[in-house]
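What follows is a set of notes on a single structure, which appears directly below.
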Amino acid sequence: MLFGGAMFFAGAAINGGAVNIAMLVIGRMLLGFGIGFTFQSAPVYLSEIAPAKWRGAFATAFGVFVILGAIFATVTNYFTNDIPGWGWRVSLGLAGAPGTLLVVGAFFVSDTPSSLVLRGHPYQARAALLRIRGADVDVEAELKDIVRAVEQANRNDEGAFRRLFSRQYRQYLLVGVAIPVLYELTGVNVINIFMPVVFRTVGFSSKKAILGSVINFLVNLVATLLSGSIMDHTGRRILLIVGGFCVTICQVAISCIMAAHLGTEGATTMPRNYAMAVLVLMMVSTFCMGVSWGPLRWVVQSEIYPVEVRSAGQAMGVSIWLCLTFMELQVFIRMLCTMRYGVFLFHAGWFLVGTICVAAFLPETKGVLLERMRTVWAQHWYWRRFADVDDKQGRQVNPLCEMSSNAANPNM
């Protein structure tokens, strides 16, 4: 996170002071590195420090602040657009503000206990647990769980990415990759980015299209806050399944309205009532997405992996998500112009596929300690064929070693 914040700050500074295209390109590249580092590390960090019963709410906070950042950026661009000559410099330079907060904040937070134990620092891990949980909380049981998980991980000295592709970790890799792939194929990301274009397609003026986009962001924010408050009670699967079916229905309805009133020949307007119906359906779709797949893609990805491959798995998921986002950005406008209403049917189909995959292959992870996540997967009707015998029996291998004894008794 520290390195990502530094990349944000450097990229924003170069862009804000750019005097040629090369500086703009370099600045954007640094901002891209910043996004990669922070999107890989922040969800994992939040999941590892959060108590199991509140982990969903903690991880959802990441999505909440991403949306707040998007709203802030949109408002900033709206006002700086009217500043002649140098308004764009203010817009690009202000991207350094969150980078500065990340750099400063990184000096006031400790590494996660799991990370410290994995790197051979059990004493520091115990101190970090006491700092996170409070001095009046008994952290020994949680520390022992972490040490046991690390002991199991250390039986294999292969690198994290090499392990990730082995049979033992196949279930985590497949689900961890499927979530960002299916999310991107639903088109929600690019539809949000091109929301004003979509609104103009159904007949709204440019100003009203921008207003509709702002409303869409606010609806998404409210839905994400609601999701964070209920997912640790309802569970991950039910939100993903119900939300997925609701979004599918909304996308099909939007497609039907556009097919009936815009057709395939490219009519430029539709009756006001039907245009408002499209707007409402888009808001409902955004709300359902914000309660389910929007925040939960970060939550599930950050909690399903064992400690030894967690960072590698998250990095893999983020990389695939960014690559697919880039690819969809290149083709979405062409798809919208060519397929028109068909683009919503295309995305609805993938939403249905994703929802069915979640129902069939994603186990419920609500309230499960990260260190005991293996057991949940080992008991799944399909993934248990890839699990170790010890995982199927619901226990971690090996008793506590000398490291855990020293960690639990620092005065020895």
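Per this note's numbering, the sequence shown starts with residue 126, numbered consecutively. Here a beta-carbon is modelled for each residue, glycine too, at the ideal position from N, C-alpha and C. Here the structure is a predicted model, which is why all the values come from computation and not from measurement.
Looking only at Ala-175, Arg-214, Ala-231 and Ala-186, the smallest Cα-Cα distance to Leu-127 is reached by Ala-231.
In the structure shown, His-505 falls within a coil segment according to DSSP collapsed to helix, strand and coil.
Taking C-beta atoms as the reference points, Pro-238 and Trp-446 fail to come closer than 7 Å. Non-local C-beta neighbours of Gly-129 in its own chain, meaning closer than 6 Å and more than five positions away in sequence, comprise Gly-159, Phe-162 and Thr-163, ordered along the chain.
When DSSP states are grouped into helix, strand and coil, Phe-232 belongs to the coil group.
The beta carbons of Tyr-308 and Arg-422 sit closer together than 7 Å.
With fewer than three CB-CB distances shorter than 8 Å, the stretch 365-382 does not count as touching the stretch 492-501. Residue environment: Trp-502 is assigned as buried (16 or more neighbouring CB atoms within 10 Å of its CB, all protein chains considered). Apart from sequence neighbours up to five positions away, the residues of its chain that approach Leu-449 with a beta-carbon distance below 6 Å are Glu-309, ordered along the chain. Here Ile-208 carries a coil assignment [DSSP, helix/strand/coil].
Looking from the CA of Lys-491, the closest CA among Ala-138, Ser-338, Thr-359 and Thr-500 belongs to Thr-359.
Secondary structure in the stretch 337-401: the alpha helix (DSSP H) runs of 4 residues or longer, each lying completely within the stretch, are 361-386 in chain order. Glu-283 sits in coil when the DSSP states are folded into three classes, being neither helix nor strand. Counting every other CB atom within 10 Å of its CB across the protein chains shown gives Phe-183 a total of 16 or more, marking it as buried. Three or more Cβ pairs drawn from the stretch 139-150 and the stretch 210-228 lie within less than 8 Å of each other, which places the two stretches in contact. Here Pro-420 is buried, its C-beta having at least 16 other C-beta atoms within 10 Å.
In the structure shown, the three-state DSSP call for Glu-489 is coil. In this structure Glu-283 is exposed. Its beta-carbon is surrounded by fewer than 16 other beta-carbon atoms within 10 angstroms. Just measuring C-alpha positions, the residue of Val-200, Met-148, Phe-370 and Phe-233 sitting nearest Val-483 is Phe-370. Each residue's CA atom was taken as its position, placing Arg-465 and Leu-404 some 16 Å apart. Going by DSSP, Leu-454 is part of the alpha helix (DSSP H) stretching over 435-464. Residues Asp-357 of the same chain have their beta carbon placed closer than 8 Å to that of Trp-179, with the five preceding and five following residues left out of the count.
Each of Met-154, Arg-273, Val-339 and Ser-172 was checked against the Cα of Val-200, and the nearest Cα belongs to Val-339.
If the five residues before and after Arg-292 are omitted, its C-beta is found closer than 7 Å to the C-beta atoms of Phe-511, all from its own chain and listed in chain order.
Separation of Pro-488 and His-505 (C-alpha to C-alpha, rounded to the nearest whole angstrom) is 6 Å. In this structure, DSSP gives Ile-429 a state outside helix and strand, which the three-state scheme calls coil. In the DSSP annotation of this structure, the continuous segment of the alpha helix (DSSP H) that includes Gly-301 starts and ends at 295-310. The C-alpha of Leu-241 lies about 27 Å from the C-alpha of Phe-134. Annotation: the continuous alpha helix (DSSP H) that includes Asp-270 extends over 265-278. When only Cα atoms are considered, Val-347 and Val-456 end up about 30 Å apart.
The three-state secondary structure of Thr-237, taken from DSSP, is coil. By the Cβ rule, the stretch 196-212 does not count as touching the stretch 255-271, because fewer than three pairs are nearer than 8 Å. In this structure, the straight-line span from the alpha carbon of Thr-311 to that of Glu-265 is close to 44 Å. Here Gln-426 is not near Gly-224, since their CB atoms are 7 Å or more apart. C-alpha of Thr-373 to C-alpha of Ser-352: approximately 19 Å in a straight line. Contact check for Ala-285 against Val-434 passes: the beta carbons are separated by less than 7 Å.
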